[in-house]
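All remarks here apply to the structure that follows.
In my numbering, the protein residues as written are 12 to 137.
What follows is the structure, encoded as structure tokens:
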């Protein structure tokens, strides 16, 4: 999920999604077709960041729900990849906040089955 405090065009939103997805593919080695990302846009007063409540800016919060098992190096690579890719979209790295929320595969249900019982098509231990 990508949360922002300003209006982006549809094309800019797709670029944000592609940037975060590309970072996940590069750092976590997920399959390129594994896409589940959304952009949530808030009025600046409804998402306060720092002292400038009510002022639209480039603050961007990226929250990623994922399976546990990635190494600290993979996580560091993910954080770096995200800020570098968003920086290319004129979002300063200091305006990017990333929250990684991990859950064990048995805590995810896919198609009525626990993810730990499925062949996910990728390795979560990277």
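No residue lacks a Cβ here, since even glycine has one placed at the ideal position from N, Cα and C. Predicted model, so just to flag it, every value in this text is computed and none were measured.
- Per DSSP, the continuous beta strand (DSSP E) segment holding residue 78 begins and ends at 71–78.
- When Cβ pairs closer than 8 Å are counted between the two stretches, the region 70–84 is seen to touch the region 96–109, the count reaching three or more.
- Per DSSP, reduced to three states, the secondary structure at residue 121 is strand.
- Close CB contacts of residue 42 within its chain, under the 7 Å cut and outside five residues either way in sequence, are with 132 and 133 (chain order).
- The region 29–37 makes no contact with the region 117–124, as fewer than three CB pairs between them are under 8 Å.
- Looking at the DSSP output, residue 111 shares a beta bridge with 75.
- The three-state secondary structure of residue 54, taken from DSSP, is coil.
- Here residue 116 has 78, 126 and 127 as same chain residues with Cβ atoms under 6 Å from its own Cβ, once five neighbours each way along the sequence are excluded.
- Per DSSP, the continuous beta strand (DSSP E) segment holding residue 13 begins and ends at 13–15.
- The DSSP assignment places complete beta strand (DSSP E) segments of no fewer than 3 residues inside the region 13–49 at 13–15, in order along the chain.
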